[in-house]
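The sequence shown begins at 610 in our numbering and counts up by one. By construction, the Cβ of each residue, glycine as well, lies at the ideal position given by its N, Cα and C atoms. Computed from a predicted structure; not experimentally measured. Report on one structure; see the data block that follows.
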Amino acid sequence: MILNDSFSLAISCIYSSLVYTQTMRPIHTVTVLLMLIFMPSETTANNFNKSLEAKALHTTHWWGDRHDLDDHCTWSGIKCNEAGSVIYIDHYCEGVGEQASLDFLSFPNLEQLLLRNCMLVGSILDQLGLLLNLTHLQLSQCHLTGEVPVSFTNLTRLIYLDLFSNYFTGVFPSQIGKLNSLELVDLSENQFTGPIQSSFSSMVNLTYLDLSKNRLNGSIPMELCNLQSLQTLDLSDNKLSGPIPSGTKLPVPLANLFRLEFLDLSNNHFIGILPTQIWSLKSLLSVYLSRNQFSGPIFSSFDVSNNNFTGILPSQIRCFQNLVILDLSRNLFTGLIHPSFGYMTNLTDLDMSSNQLNGSIPKELSKMQKLERLNLGDNKLDGPIPSSLRNLSNLKELNLSMNNINGPIPLEIAYLNLQKIDINHNHLVGLIHPEFGMVSRLFYLDFSSNQLSGNVSFKKPCNFQHVDLSMNELTGDISGLYACTYLEYLDIRNNNFVGQTLQVSDFPNLVFLNLSQNHLTAIAHDHSLRKKLILYLSIFVPVLVGICFLVLGYVYRHYSKASTKKVQLETKEHGDVCSVLNYDGNIAYEDFITATDDFDLKYCIGTGGYGSVYEAKLPSGKTFALKKLHRFEVEQFDQSFKNEVQVLTNLRHKNIVKLYGFCFHNKCNFLVYEYMEKGSLFCALRDSELAVELDWMKRVKIIKDVAHALAYMHHDCIPPIVHRDISSNNILLNNEMEGFVADFGAARLLDPDSSNQTIIAGTLGYIAPELAYSMVVTEKCDVYSFGVVALEIIVGKHPGELLSSLNRSTGQETSLEDVLDPRLPYSNDKLIQLNIARVYQVAQACILTDPKSRPTMRTVSQELSR
């Protein structure tokens, strides 16, 4: 029998004890033998440790009621070393809402601990500080609280540290710098306070640092820029600021982070001028600096839209050769577009719209062959459109509108695979090339307000849906438009077209048509053919004439009985009726009048500031919603009617209520909408049964639906559209409880050439506070209203006092659980909790008193989609 070292050591100790006891007090022989028998061997110790590990795993119930405790190394997410000791635990507690405790000291050899969405309790963190073999530690969304103990700094082998989305508080231990093996640190979405520790600079191997969504303050420590391996730095959504009075400047040594690819400093309190040294960061792919107070003549960002940056665009921007999206829109930049932009060959989106740029469009832009969207609209650019743009083979959207561009439209542009082209309000001359009709994906074409001339004739297939050629000098007949059978919007007013007008029935999808101020004539009818037909009938079929008289007599008698009805349906009395729903206008009008019994109140399903809504069920079984507009004052009425038609014909979004058609009539005017079975959100929240049916996920989905629709209106429409009356009454729900934005009677197209001043519109309780002292309309008015609606959805009623309390600096935060709709049980599902918390956080940002501090709807939409 061969004894191991520990067993031999035990024999030696016992022998020594025997020698010692012979002189003192004798030990019984049996006692010695028992000690030898039960002395644990190494194998016994290993088995004992394995048993402890298995029991520790079993008590969590994360693996169900497993009974194979001797085989725990085969459990999902568990790995052991050769001795059978656990070295790896990876588990996601999907759907587990119960609290659990895991004795980490049972795993002395543990190297990787990866837990997500697990509700842990107990003195966990203190235990973890004793697991000296740990290299990977992830405890994200585990509901951990308190401060991170100093004992964490014992984990000197740690490479990966992820404590994302917990409730940690206090200041992170400054001794963190001792963990110089760390490569990834994610402490985001916690409640850490205090400044960023300069000791982070000791982690020279760090490639990823995320401290976002905490309560950190102070400035960025200079030492942080020593992390030359850093690729991602996210400090967004904190309270970071620069030194006073000199103001922040991003630390000049930031240029030392030459491997940096992602930088997010958004939603802090940084001020001052951005340093030019940032141009040397050639690896940088994404930069977010929004919701700060940066200013000055030089910028260094990739998405700095909606700010007040001034000065000339620096030519050093060519250093960003890996950049994919560059948005400089809605600032005050001046000067030329430097040819060096053409060297950014990886760009897919370039937006410089709404600035004060001048000069010509550099031909070097044609080198950006990956470009899909180019927006240079609303500037002071002049010169011709470069024919070299034909090289942009991937271009889908081209916007050069509202400039001083002159010359002809290059034929080469017609051979691009465009989907949308907008060059309105320029000084373009010459012909409109028929080849534009051959671009198979081109659905939007706006050449309005130029000096274009000649005939208009598009070649098939011509898939246009929106065509605006108004305010030009076009001539000839308009028969060439018959190739465009998919048209929904056609505006050719203020030209010199001659000949016959269009046969509207040949355009089944048309919802907006303006042919005014041309020289068009009505379509002539062939009267000679009718006379020949009457002569033929009178000679060869006299019997049929008699039958016709009998039928007419019956019809006359039947009509006389119906003469007591409220509405006479003769065409002469109808006045000017527009086409609706592919019907002849008169037939459509009669169908809707009959379906609502001349708009009887019993069919009324809602009333708003601009009209009442009626349910109309046609004989075909199809149900529509008719919005009959109030007619308080002819001019005001006509404007609201035209507003709604003009806006809705340009909107194509799944969460905007669909307009099927309209009727402009001497007696009454109405719009024909898609019918929403569940009615308004306002009524749903106030109905006890529907409110319960609207569970948390459905409510979050409705909020996202509205956010996406508004983001589309504000950022994807040209010009942007402001709704001005977002409220729960104007959010409609279908059978699937999806949200749709409705009622565009107050909507306004933002005109960059005007002050956008207007009378106050909207619903009390949802109107942005700045409209009390300013009549200037901006998208931020809708953002405020959206924030109120979002709060209303999760609170279950209009937030009222909550609005003012959230905007007051009381030093105490309103608890989310205290404001949630009590009719719904609080969910233990972590995903639902995260979504509700995110909505609450976004809504608070939207209702800030200062409109400049509110996020854009695009930011809101992206944040809610995370």
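C-beta contact flag for residue i and residue j at 7 Å
| i | j | result |
| --- | --- | --- |
| Gln806 | Arg824 | no |
| Asn1072 | Tyr1095 | yes |
| Leu1227 | Asp1200 | yes |
| Lys1211 | Phe1279 | no |
| His1323 | Glu1388 | yes |
| Ser811 | Leu833 | no |
| Ile1327 | Gly1396 | no |
| Leu932 | Ile946 | no |
| Glu981 | Thr954 | no |
| Leu998 | Met961 | no |
| Asn964 | Asp991 | no |
| Asn1339 | Asp1325 | no |
| Glu1082 | Ser1057 | no |
| Gln1126 | Arg1102 | yes |
| Pro993 | Glu973 | no |
| Val1451 | Val1469 | yes |
| Arg900 | Ser938 | no |
| Leu737 | Thr669 | no |
| Ala1023 | His1036 | no |
| Met1466 | Ala1320 | yes |
| Leu746 | Leu770 | yes |
Those residues which DSSP pairs with residue i across a bridge
| i | result |
| --- | --- |
| Phe1395 | Note: Phe1395 sits in no beta bridge, so no partner. |
| Val933 | According to DSSP, which records beta bridges pairwise, Val933 is partnered with nothing at all. |
| Phe1353 | Phe1353 pairs with nothing; no bridge assigned. |
| Glu1283 | Phe1233 |
| Tyr817 | Leu793, Thr841 |
| Arg725 | Tyr701, Ser749 |
| Thr683 | Answer is none; Thr683 lacks a bridge partner. |
| Leu1129 | Gly1108 |
| Gly1215 | Val1222 |
| Phe1291 | Note: Phe1291 sits in no beta bridge, so no partner. |
| Thr802 | Arg824 |
| Ile1265 | Val1350 |
Per-residue burial, residue i [other beta carbons within 10 Å of its own, 16 or more giving buried]
| i | result |
| --- | --- |
| Asp873 | buried |
| Tyr776 | exposed |
| Leu1142 | Residue confidence is low: Leu1142 scores 39 on pLDDT, short of 50, so the model does not pin down where it sits. No coordinate-derived value is stated. |
| Asn1026 | exposed |
| Leu1007 | buried |
| Met1346 | buried |
| Thr1458 | exposed |
| Tyr1393 | buried |
| Ser715 | buried |
| Asp674 | exposed |
| Pro1117 | exposed |
| Arg1295 | exposed |
| Gly755 | exposed |
| Tyr1435 | exposed |
| Arg1050 | exposed |
| Gly1108 | exposed |
| His700 | buried |
| Glu798 | buried |
| Ala663 | buried |
| Ile921 | exposed |
| Lys1439 | buried |
| Met1285 | buried |
| Ser774 | buried |
| Arg1463 | buried |
| Gln837 | exposed |
| Thr1372 | buried |
| Leu606 | This structure leaves residue 606 out entirely; the chain is present only between 610 and 1475. |
Whole-angstrom C-beta distance between residue j and residue i, which should lie under 8 Å
| i | j | result |
| --- | --- | --- |
| Ile1402 | Ile1312 | 6 Å |
| Leu739 | Leu719 | Their Cβ separation, rounded to whole angstroms, is 10 Å, which puts Leu739 and Leu719 out of contact at 8 Å. |
| Leu1342 | Gly1270 | Leu1342 to Gly1270, Cβ: 23 Å. No contact. |
| Val757 | Pro782 | 6 Å |
| Ser845 | Tyr897 | 7 Å |
| Pro1019 | Ser996 | 4 Å |
| Asn1264 | Gly1348 | 6 Å |
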